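Just add 90 to wherever you are in the sequence shown, counting from 1, and you've got my numbering. What follows is a short report on a single structure.
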Amino acid sequence: MSDERRPSARFFATAAKGTEPLLRDELQELGLRRVRADRGGVHFGGELADAYRACLWSRIALRVLEPLADFPCADEDALYEGVKRVDWTRVLDARRTLAVRAACRSSRLTHTQYIAQRSKDAVVDQLRERLGERPSVDRQDPDVQLFVHLVKDHATVYLDYSGDSLHAHGFRAQQGAAPIKETLASALVRYSGWDRESPLVDPMCGSGTLLLEAGLWAARRAPGLARPDFGFERWADFDDTARATISRLRVEARDAAQPLTLSLIGSDTDSRALEAARANAEQAGLRVNLRLAPLTSAAPSADRGGLVVNPPYGERLERSSSLGQELATVLRRFSAYQRGLIVPRHFDLPLRADRFLMVFNGAIECELRRYDASATP
Ligand SMILES: C[S@@+](CC[C@H](N)C(=O)[O-])C[C@H]1O[C@@H](n2cnc3c(N)ncnc32)[C@H](O)[C@@H]1O
91 MSDERRPSAR FFATAAKGTE PLLRDELQEL GLRRVRADRG GVHFGGELAD AYRACLWSRI
151 ALRVLEPLAD FPCADEDALY EGVKRVDWTR VLDARRTLAV RAACRSSRLT HTQYIAQRSK
211 DAVVDQLRER LGERPSVDRQ DPDVQLFVHL VKDHATVYLD YSGDSLHAHG FRAQQGAAPI
271 KETLASALVR YSGWDRESPL VDPMCGSGTL LLEAGLWAAR RAPGLARPDF GFERWADFDD
331 TARATISRLR VEARDAAQPL TLSLIGSDTD SRALEAARAN AEQAGLRVNL RLAPLTSAAP
391 SADRGGLVVN PPYGERLERS SSLGQELATV LRRFSAYQRG LIVPRHFDLP LRADRFLMVF
451 NGAIECELRR YDASATP
C-alpha cells in the first residue's frame, strides 16, 4: 500500500534480549524517527519506506513488525473479537496463506498454541464473512505472518514485515560447531567500538561469523539484499507504489556498497571450522586472512584495530581451564585495539571490562564485554 494512503505508522523491530540499545543506535543511524528501545525490541515511527529500510539494512533486528491493534484480553472471547476487529482484507485474500505465532507473559490465557489458533480463527472467519472464501494456513512458508503478544491480559496484534527471520544474512554456506547468530555477531562488533577502518581480528573465529558481519558492515553492504523477498512483498496491498519503493531502496543499497580495503584476520585451532569460514567468506564475497593457530599466538599487526572473540562456553564446545587466563593475556597484548567479547554471564576473566551488557545467546545468559583501546598495555 502506498505511503499516500498511510502517511504515518508505528513499527517495532525485535531483537535478541539485551541487544535493544544496540539496535536503537543502528536504527537511529539509518535515519529512522521516533526510535525508542523497549523490552525485546525497538519502536520507531514513519512511513512504509522506513519499515522497508529497516528490513533491508538492519544487522541486529530479528523481525520488523507493525502493531495493528491492542486491546484488553482476559479471555478467549476478547481475543477473538479483538483480532476480528482488524481489517484483514488489507493484506489477505483467499489466494494467500496465513500463519499466526503467539507469545504470552503474566496473563490468564497461557497456552500460546491456543492463542495462535483462536486468532487464526478470527482472521479466517472475518474473511469468509466478507469475501465468501477463506485463506488457508501454511506454517512453513506463509504469505502473511501475524504475531499475537499477550502481556498482563493485554493483547497486541502485529503484522510481520520480515517474512523469514532477518537473522540470516546470506553468507552461511557452512556452519561451524557452535556458530553465533549473525544478528548477535553484529551486535558484538558494534558494541566493541571498532572504527570500521582498521583491521579486525578474531582469534577464535570458527566459521567466521564475526569477521564477516564486520566486513559487510564496513563495506556498507545491506544484509537484506541477500534475500529473495520480504514478507510484505507477498501481501494483497503490495501495489505498484510499494513495489517502486522497495525497488528504489534496493537500488540505493546496491549503490551504497563499497569495496572493503581493511583486513579481516581470523584464526582457530579447528581446521574444519576454518574451511567453513573460507566457504562463508567466498559466499559473502569478502577476503579474509585465515590461519590455523591457537588463541595464545594472536598478536596485533597494526597500531590500532578491533579484536572480537566468541570463545567456547563449555556447553556445545569444550573449554579449557586456562581459557580465562589466555584471553586476558591476548586482551592485554591487543590493548591498542578496541576489544569486545561475548561470554557466559559469570565467565571468569582476570581483566576488568570498561563496559558490559547482558544479552541472551539463545537461552544462555551472556555478557558483551568491551575493553577500550589504551596507549599503555
Ligand atoms: C564458540 S566457537 C566460535 C564460533 C564462531 N563465532 C562462529 O560463528 O562460527 C569457539 C571457537 O574457538 C575455537 N577454539 C577453541 N579453543 C581454541 C584455542 N585455544 N585457540 C583458538 N581457537 C580455539 C573452536 O575451535 C571454535 O571454533
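Note that the Cβ used here is the ideal one computed from N, Cα and C, for glycine as well. Since the structure is predicted, the reported quantities are computational estimates derived from the model, not experimental observations.
> Around ligand 1, which residues pass a check of Cβ closer than 5 angstroms to any of its heavy atoms?
Replying inline: The answer, residue by residue, is Gly266, Ala268, Pro269, Ile270, Met294, Gly296, Ser297, Thr299, Asp358, Thr359, Asp360, Ala363, Pro384, Leu385, Asn400, Pro402.
>> Ignoring anything shorter than 4 residues, give me the alpha helix (DSSP H) runs that lie fully in the region 325-356, in order along the chain.
In response: Taking only runs of at least 4 residues, the alpha helix (DSSP H) segments lying wholly in the region 325-356 are 330-346.
> Taking the C-alpha atoms as reference points, what is the distance between glutamate 372 and serine 197?
Replying inline: For the purposes of this step, residue 372 is taken as the residue at position 282 of the sequence shown. For the purposes of this step, residue 197 is taken as the residue at position 107 of the sequence shown. So the two alpha carbons sit approximately 48 angstroms from each other.
> Hey, would you say tyrosine 248 sits closer than 7 angstroms to arginine 208, going by beta carbons?
Replying inline: As a working mapping, residue 248 is identified with position 158 in the sequence shown. As a working mapping, residue 208 is identified with position 118 in the sequence shown. No, these two residues do not count as a Cβ contact at 7 angstroms.
>> Helix, strand or coil for threonine 104? Go by DSSP, reduced to three states.
In response: Locating residue 104 in the sequence shown gives position 14, counting from the first residue. Strand.
> Does DSSP put phenylalanine 446 in a helix, a strand or coil?
Replying inline: For the purposes of this step, residue 446 is taken as the residue at position 356 of the sequence shown. In this structure, DSSP gives phenylalanine 446 an extended state, which the three-state scheme calls strand.
>> One question on the structure: do valine 132 and alanine 144 come within less than 7 angstroms of each other, judged by their Cβ atoms?
In response: The count along the sequence shown starts at 1 and reaches residue 132 at position 42. The count along the sequence shown starts at 1 and reaches residue 144 at position 54. With contacts defined by Cβ atoms closer than 7 angstroms, valine 132 and alanine 144 do not form a contacting pair.
> Between the beta-carbon of leucine 441 and the beta-carbon of alanine 418, is there less than 7 angstroms?
Replying inline: As a first step, residue 441 must be located in the sequence shown, where it is residue number 351. As a first step, residue 418 must be located in the sequence shown, where it is residue number 328. Taking 7 angstroms as the Cβ cut-off, leucine 441 and alanine 418 qualify as a contacting pair.
> Under the rule that 16 or more other beta-carbon atoms within 10 Å means buried, what is glutamate 94, buried or exposed?
Replying inline: What you label residue 94 is simply residue 4 of the sequence shown in a count that begins at 1. For glutamate 94, the predicted model reports a pLDDT of 45, less than 50, meaning its position is unreliable and no value from the coordinates is stated.
> Out of Leu315, Arg338, Gly321, which has the shortest C-alpha to C-alpha gap to alanine 347?
Replying inline: Residue mapping note: residue 347 aligns to position 257 of the sequence shown, counting from 1. Answer by Cα proximity: Leu315.
>> List, from N- to C-terminal side, the beta strand (DSSP E) runs of 3 residues or more that fit wholly inside the region 178-259.
In response: Qualifying beta strand (DSSP E) stretches, in chain order: 187-195, 234-241, 244-250.
> Is glycine 430 near arginine 460, with beta carbons less than 7 angstroms apart?
Replying inline: The residue you call residue 430 lines up with position 340 of the sequence shown. The residue you call residue 460 lines up with position 370 of the sequence shown. For the pair glycine 430 and arginine 460, the CB atoms are nearer than the 7 angstroms cut-off.
> For valine 420, does the three-state DSSP call read helix, strand or coil?
Replying inline: The count along the sequence shown starts at 1 and reaches residue 420 at position 330. When secondary structure is reduced to three states using DSSP, valine 420 falls in the helix class.
> Which residue spans inside the region 121-154 form an unbroken beta strand (DSSP E) run of at least 3?
Replying inline: The beta strand (DSSP E) runs of length 3 or more contained entirely in the region 121-154 are, from start to end of the chain, 123-128, 131-136.
> If we ignore side chains and look at the alpha-carbon of each, how far apart do aspartate 330 and aspartate 438 end up?
Replying inline: Residue numbering aside, residue 330 sits at position 240 when the sequence shown is read from its first letter. Residue numbering aside, residue 438 sits at position 348 when the sequence shown is read from its first letter. Computed Cα separation, rounded: 56 angstroms.
> Is it buried or exposed for serine 148, if we count other Cβ within 10 angstroms and need 16 for buried?
Replying inline: As a first step, residue 148 is located in the sequence shown; it is residue number 58 there, counting from the start. By the neighbour-count rule (16 or more Cβ atoms within 10 Å), serine 148 is buried.
> In this structure, what does DSSP give as the bridge partners for glycine 430?
Replying inline: As a first step, residue 430 is located in the sequence shown; it is residue number 340 there, counting from the start. For glycine 430, DSSP records a beta bridge to Val398, Arg460.
>> Judging by CA-CA distance, which residue of Val227, Thr202, Gln203 is the nearest neighbour of valine 213?
In response: Numbered from 1 along the sequence shown, position 123 holds the residue referred to as residue 213. With distances taken between Cα atoms, valine 213 lies closest to Val227.
> To which residues does DSSP link valine 291 through a beta bridge?
Replying inline: In the sequence shown, counting from the first residue as 1, residue 291 sits at position 201. The partner list for valine 291 (beta bridge, DSSP) reads Ile355, Leu397.
> Closest to alanine 443 by CA distance: which of Gln428, Leu120, Ser412 is it?
Replying inline: Here residue 443 refers to the residue found at position 353 when the sequence shown is read from its first residue. Just measuring C-alpha positions, the residue of Gln428, Leu120, Ser412 sitting nearest alanine 443 is Gln428.
> Between glycine 305 and leucine 256, what straight-line distance do the alpha-carbon atoms span, to the nearest angstrom?
Replying inline: Within the sequence shown, numbered from 1, the residue matching residue 305 stands at position 215. Within the sequence shown, numbered from 1, the residue matching residue 256 stands at position 166. The alpha-carbon atoms of glycine 305 and leucine 256 are separated by roughly 18 angstroms.
> With distances taken from CA atoms, which of Arg195, Arg175, Lys242 is nearest lysine 210?
Replying inline: Along the sequence shown, one-based indexing puts residue 210 at 120. For the residues Arg195, Arg175, Lys242, the minimum Cα distance to lysine 210 belongs to Arg175.
> For leucine 385, which of helix, strand or coil comes out of DSSP?
Replying inline: For the purposes of this step, residue 385 is identified with residue 295 of the sequence shown, where counting begins at 1. Note: leucine 385 maps to helix in three-state DSSP.
> First and last residue of the alpha helix (DSSP H) that includes tryptophan 307?
Replying inline: Counting from 1 along the sequence shown, the entry for residue 307 is found at position 217. 299-308 is the span of the alpha helix (DSSP H), which, as asked, contains tryptophan 307.
>> My output table needs one value for aspartate 360: the three-state DSSP class, helix, strand or coil.
In response: Here residue 360 refers to the residue found at position 270 when the sequence shown is read from its first residue. Residue state, collapsed to three classes: coil.
> Can the beta-carbon of alanine 184 be found less than 7 angstroms from the beta-carbon of glutamate 223?
Replying inline: As a first step, residue 184 must be located in the sequence shown, where it is residue number 94. As a first step, residue 223 must be located in the sequence shown, where it is residue number 133. It is a contact, given that the beta carbons lie within the stated cut-off.
> With C-beta atoms as the reference, is alanine 389 less than 7 angstroms away from proline 289?
Replying inline: The residue given as residue 389 occupies position 299 in the sequence shown. The residue given as residue 289 occupies position 199 in the sequence shown. No, they are not a contact pair.
> Any idea if glutamate 303 is buried or exposed, counting beta-carbon neighbours within 10 angstroms, 16 or more meaning buried?
Replying inline: Numbered from its first residue, the sequence shown carries residue 303 at position 213. Taking a 10 Å sphere around the C-beta of glutamate 303, we find 16 or more other C-beta atoms and assign the residue as buried.
> Looking only at DSSP bridge pairs, what is leucine 439 linked to?
Replying inline: Counted from its first residue, the sequence shown places residue 439 at position 349. In the DSSP output, where bridge partners are listed per residue, leucine 439 has none listed.
> With distances taken between CB atoms, is the gap from leucine 158 to leucine 199 smaller than 7 angstroms?
Replying inline: As a working note, residue 158 is residue 68 in the sequence shown. As a working note, residue 199 is residue 109 in the sequence shown. Not closer than 7 angstroms, so no.
> If we ignore side chains and look at the alpha-carbon of each, how far apart do cysteine 468 and leucine 278 end up?
Replying inline: With the chain represented from 91 up to 467, any question about residue 468 goes unanswered, as that position is not in the structure.
>> Any contact between the region 251-266 and the region 362-370? By contact I mean 3 or more CB pairs, one from each, below 8 angstroms.
In response: At 8 angstroms Cβ cutoff, the stretches touch.
> Can you tell me where the alpha helix (DSSP H) with valine 176 in it begins and where it stops?
Replying inline: Counting from one through the sequence shown, the residue named residue 176 turns up at place 86. No alpha helix (DSSP H) holds valine 176; DSSP gives it neither H nor E.
>> Assuming leucine 113 is part of the alpha helix (DSSP H), what are its boundary residues?
In response: Taking the sequence shown and counting its residues from 1, one reaches residue 113 at position 23. Per DSSP, leucine 113 belongs to the alpha helix (DSSP H) from 110-119.
>> Can you find the residues in the same chain that come closer than 7 angstroms, C-beta to C-beta, to proline 293, ignoring five residues on each side of it along the sequence?
In response: For the purposes of this step, residue 293 is taken as the residue at position 203 of the sequence shown. Around proline 293, the same chain offers Ser357, Leu385, Ala388, Val399, Val420 as residues with beta carbons nearer than 7 angstroms, after the five sequence neighbours per side are excluded.
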